[in-house]
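Below: the structure, in structure tokens.
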Amino acid sequence: MIINALNGLVYGSLLFVLASGLVLVYGLRRVVNFAHGAFYMLGAYIGYSVAIHAGFLPGIVVAAAALIAVGVALDLVVFRKLADRDPLVTVLVTFGVMLILEDFVRTVWGTGNYAIDPPALLSGVVQIAGAPFPIYRLFIVLASAVMAGGMVIWLRYSRSGLWVRAASHSPVVAAMCGVRTNVLGPLVVGLGAAFAGVAGIVAAPFLSLNPSMGAEILVMSFVVSVIGGLGSFGGAFISAMILGQVQAFGVVYLPEIAALFPFLLMALVLVVRPQGILGNKV
Amino acid sequence: MANQTLAHSFRESPILRPSGLIVLAILTATVAILTVTGSRITLSLLAQATIISILALSVGFLARTADLISFGHAAPFGLGAYGTALVFQHGIPAEVGIWLVLVAVFALFFLIGLVVGKLNGIAFSMLTLALGQFFFVAISKLRAITSGADGLTVSLPRSLFGLPGRTYQTPDGMFIIAAVILAALVILIYLFEASRTGRLAIGVRENEERVLFLGYRTKILKAAVFATSATIAGVSGVLFALYQGFVSPEIVHWSFSGNALIMAILGGSLAVWGPVAGALVFFFLREWLSDLTEHWLAVLGVILIAVTVAWPGGMTGVAKVLRARISGRGRKGGGK
Amino acid sequence: MSFLFRCENIGKTYGGVVALKDVSLNLESGQVHGLIGPNGAGKSTFIDVVSGRTPGLGRVFFEDREITGISPSAMRRAGISRSFQRTSIFPALTVRDQIELANHGAGGGNTDELVEMLGLGAVLDTEAEQISYGQQRLVDLALALVGNPRVLLLDEPAAGLSAPESAVLSGHLEEIAERWNVAVLLVEHDMDVIFRVCKVLTVLASGRFLVQGTPADLRNNPAVIEAYFGSTA
Chain A
437 MIINALNGLV
447 YGSLLFVLAS
457 GLVLVYGLRR
467 VVNFAHGAFY
477 MLGAYIGYSV
487 AIHAGFLPGI
497 VVAAAALIAV
507 GVALDLVVFR
517 KLADRDPLVT
527 VLVTFGVMLI
537 LEDFVRTVWG
547 TGNYAIDPPA
557 LLSGVVQIAG
567 APFPIYRLFI
577 VLASAVMAGG
587 MVIWLRYSRS
597 GLWVRAASHS
607 PVVAAMCGVR
617 TNVLGPLVVG
627 LGAAFAGVAG
637 IVAAPFLSLN
647 PSMGAEILVM
657 SFVVSVIGGL
667 GSFGGAFISA
677 MILGQVQAFG
687 VVYLPEIAAL
697 FPFLLMALVL
707 VVRPQGILGN
717 KV
Chain B
1356 MANQTLAHSF
1366 RESPILRPSG
1376 LIVLAILTAT
1386 VAILTVTGSR
1396 ITLSLLAQAT
1406 IISILALSVG
1416 FLARTADLIS
1426 FGHAAPFGLG
1436 AYGTALVFQH
1446 GIPAEVGIWL
1456 VLVAVFALFF
1466 LIGLVVGKLN
1476 GIAFSMLTLA
1486 LGQFFFVAIS
1496 KLRAITSGAD
1506 GLTVSLPRSL
1516 FGLPGRTYQT
1526 PDGMFIIAAV
1536 ILAALVILIY
1546 LFEASRTGRL
1556 AIGVRENEER
1566 VLFLGYRTKI
1576 LKAAVFATSA
1586 TIAGVSGVLF
1596 ALYQGFVSPE
1606 IVHWSFSGNA
1616 LIMAILGGSL
1626 AVWGPVAGAL
1636 VFFFLREWLS
1646 DLTEHWLAVL
1656 GVILIAVTVA
1666 WPGGMTGVAK
1676 VLRARISGRG
1686 RKGGGK
Chain C
21 MSFLFRCENI
31 GKTYGGVVAL
41 KDVSLNLESG
51 QVHGLIGPNG
61 AGKSTFIDVV
71 SGRTPGLGRV
81 FFEDREITGI
91 SPSAMRRAGI
101 SRSFQRTSIF
111 PALTVRDQIE
121 LANHGAGGGN
131 TDELVEMLGL
141 GAVLDTEAEQ
151 ISYGQQRLVD
161 LALALVGNPR
171 VLLLDEPAAG
181 LSAPESAVLS
191 GHLEEIAERW
201 NVAVLLVEHD
211 MDVIFRVCKV
221 LTVLASGRFL
231 VQGTPADLRN
241 NPAVIEAYFG
251 STA
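Residue numbers (our numbering), protein chains in the order written: chain A, 437 to 718; chain B, 1356 to 1691; chain C, 21 to 253.
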């Protein structure tokens, strides 16, 4: 029982980190980045390639650095240039970027599945309530907490975080106060991309690598966001935690249809409360 | 022009209707020539392209009428295809079965439309992706009904709607059937847009709040538009199942939806026939390019980006510009 | 004599700000009832709450039946119609098409007289985004007027109109109220229009009811003058 709940916590933490990246970018740029899942996948594959040659930690670092660069590029080349147009245009472009990245990953790494072992330091198990539980999964929760916690602290207590919150809330007023969205843009999108990429490599020993991981996690991030409310970190947290538990218990007790539960939950939320748990009224 | 909305590029213009018919005539002539002189492979490709252009039409219809971009139209398409396979499998009389499938698709997506009608553009798009994935997972997992990844064969009846079953699986036969259905749908859409309900749909798209304050219940209209778009996709799915004789989960995959969307965007939605042209070009482009490169996905991404950013009107936008140049008429009043 | 349209204790709070508190007023057929007050007094908010555009407190009665909380579309079908301060029309549709749309939604009827009265005959087949601002305001008004509504809630119909255009509009409003026996609530800043057309005025200040009376009475009312020109901004 506890083991299931813990597994749910692990998966939920990953979902939250991913959804946070989406929310961060949406808040500032009013755009849902359809390439977000591809960022996750890219981080995982890059991290994997570095890890098997140079170790896990360098893998994480290189993945983060690469994705920051990709995120910054995306903001400078796409989001900034298309800021005046209908947000749907940008969304379509990010979808195009996703296709290109999928092709890139397929070309470089092929279409097979890859598995990666956790680093020696974090392998092994711990006894929880009489059952063995992989230490690495606890690390995933810790890493996610550090990333998410760090972001919350940054947003709440730092000056640049304040600017981001201001610009996300009221871009015009913030601009009048001297906050420059175009400078914050690369920072925020780079950070969001890095979150996705790091989540990818951190999750890799737990979920393994395959060419459809990008699309799958993207859809799950959307489900988390719709249930939690687009634009809400708190909502994303609650929603991710719930979905993590649903997934963990579902896989154990009703494995055939467990994959459908998140969607059914989303449908329920849409009927009862379309703006999501903590979203603003549409 | 600041704040150029997607709706601006999807605006209907009365000038395009006669030219739409001209384009249709040219397309038909080209295709007829190819049919007579072309190889069997070309004909088969044309048949498939025509079937899929109906799917592209459904995506374009939704974009044009409701300003909504769907990333999940492979779902109703797949349901139409699987539905056809299943009704034949269970011995339901063929014609009845197919109508049943289409009615079921309409009803299902009407209900879904009622629920998601409250969502704005981006949230709606996100949702359609999730919806598509839901059906993909459902069809893949419910092996008892769908045989999962193994797929289902479509056992054609001896005769269907007055034609021998075999006709549906010959390239020339299916091409004509699909083309006729396509033409009928295009005409129906034109008629819809000229009707009062069509103008109401424009009203809802432009200013839903005011439409409410004029006494209309917009929820039902929006759900009906969504359901209609889904049913057109379902028709495409039915034809697909009949022609291919086989259905499998790939046809419900998000990449399948993505292709249809790109066809619709490539063709543009300034005129009803846009997505059809986009589908035909897409099919032949893919044939031609897949000999040259394995990076079809990346090419697709580039095409999507290029058309969305630089030519939001797609091929219909180009046609409109050409028409204006030829007739010497400049556009009065900017912002259109 | 009972009132056709009654609003009791209408209130609205945005977060911590009380935009409107306990404002009541009643409308009589054939009469234009003006709602005035300095900027921020809550006049538009009043119409928004009463017409169901935004949720709020209080109760609304039509023909002595309570209709609090019914949807805007149900309200329109019952014969209660409104116009908008920020022009809310359909840019891509022709004037004819949108008036026809409104007419159909409100139950049908002949629109020629209305079109002629508002002087929109010349632009009937022009798309709304191509016509002048003043004409767009008239289209906004036309959409509210078709279909013989019993109650009209007008939110600054003269906003953005020139002086001659406002004068013409005043004439139309008078005619509409009297000839068609409509109960009209008129929110306006333009005092010329108000004093010409309204039989009774309700004055709001800071979201609260200040005073009610005929235009003549209130012209020299010290409380009203203070509300407009007094020390509070």
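The beta-carbon is built from N, C-alpha and C at its ideal position, and this holds for glycine as well.
For R1551 (chain B), the neighbours in chain C by C-beta distance under 7 angstroms run, in chain order, H124.
The Cβ-Cβ distance between G57 (chain C) and K41 (chain C) does not fall below 8 angstroms. Bounds of the beta strand (DSSP E) holding L230 (chain C) are R228 to G233. In this structure, A203 (chain C) and L24 (chain C) form a Cβ contact; the two beta carbons are roughly 5 angstroms apart against a cut-off of 8 angstroms. Taking the Cα of K517 (chain A) as reference, the smallest distance to any Cα among A:R465, A:P698, A:M612 and A:V506 is reached at A:R465. Here the alpha carbon of I693 (chain A) sits roughly 15 angstroms from the alpha carbon of Q681 (chain A).
Residue pairing from DSSP places Y34 (chain C) in a beta bridge opposite C:V37. In this structure, the beta-carbon distance from E208 (chain C) to A247 (chain C) does not fall below 8 angstroms.
Classified as buried, Y1523 (chain B) has 16 or more neighbouring CB atoms from the shown chains inside 10 Å of its CB. Contact annotation: V638 (chain A) and A579 (chain A) have beta-carbon atoms nearer than 8 angstroms. In chain order, N1562, E1564, R1565 and F1568 make up the part of chain B whose C-beta sits under 9 angstroms from the C-beta of S108 (chain C).
Against chain B, a Cβ distance below 8 angstroms from R97 (chain C) picks out G1570.
Shown here, P523 (chain A) sits in a helix according to DSSP, grouped into three states.
When 8 angstroms is used as the limit between beta carbons, T1663 (chain B) is near these residues of chain A: V525, L528, V529 and G532, in chain order. Contact annotation, L679 (chain A) with G448 (chain A): C-beta distance approximately 6 angstroms; criterion of less than 8 angstroms satisfied.
A residue is called buried when at least 16 other Cβ atoms come within 10 angstroms of its Cβ; N29 (chain C) does not meet this threshold and is exposed. Along the region 1639 to 1660 of chain B, going in chain order, the ones with a CB nearer than 9 angstroms to a CB of chain A are E1649, H1650, W1651, L1652, A1653, V1654, L1655, G1656, V1657, I1658, L1659 and I1660.
The beta carbon of P494 (chain A) sits no closer than 8 angstroms to any beta carbon of chain B. For E176 (chain C), the secondary structure class from DSSP, reduced to helix, strand or coil, is coil. Identification of chain C residues near G1558 (chain B) by a Cβ-Cβ cut-off of 8 angstroms yields F110, L113, Q118 and L121, ordered along the chain.
Ranked by Cα distance from N549 (chain A), the first of A:V688, A:P641 and A:L591 is A:P641.
8 angstroms or more divides the Cβ of V69 (chain C) from the Cβ of A197 (chain C).
In the displayed model, L205 (chain C) falls within a strand according to three-state DSSP.
With respect to L1482 (chain B), K1574 (chain B) sits apart: the two C-beta atoms are not nearer than 8 angstroms.
Within the same chain, Cβ atoms closer than 8 angstroms to the Cβ of E1450 (chain B) are found at L1515 and F1516, the five residues on either side in sequence being excluded. Our two residues, V525 (chain A) and L1423 (chain B), have alpha carbons roughly 12 angstroms apart in a direct line.
In this structure, V625 (chain A) lies near D511 (chain A), with their beta-carbon atoms less than 8 angstroms apart. Under the three-state reduction of DSSP, N469 (chain A) is assigned to coil, being neither helix nor strand. The beta-carbon of V707 (chain A) is placed less than 8 angstroms from the nearest beta-carbon of chain B. S657 (chain A) and V1673 (chain B) have their C-alpha atoms some 37 angstroms from each other.
With a threshold of 16 other beta carbon atoms within 10 Å, T74 (chain C) falls short and is exposed. L47 (chain C) counts as buried, since no fewer than 16 other beta carbons sit within 10 angstroms of its beta carbon.
At least 8 angstroms separates the CB of F1637 (chain B) from every CB of chain A.
In the structure shown, H53 (chain C) adopts extended strand secondary structure according to DSSP, grouped into three states. Closest in C-alpha terms to S596 (chain A), from the list A:A581, A:L620 and A:M534, comes A:L620. Under the three-state reduction of DSSP output, G139 (chain C) falls in the coil class, being neither helix nor strand.
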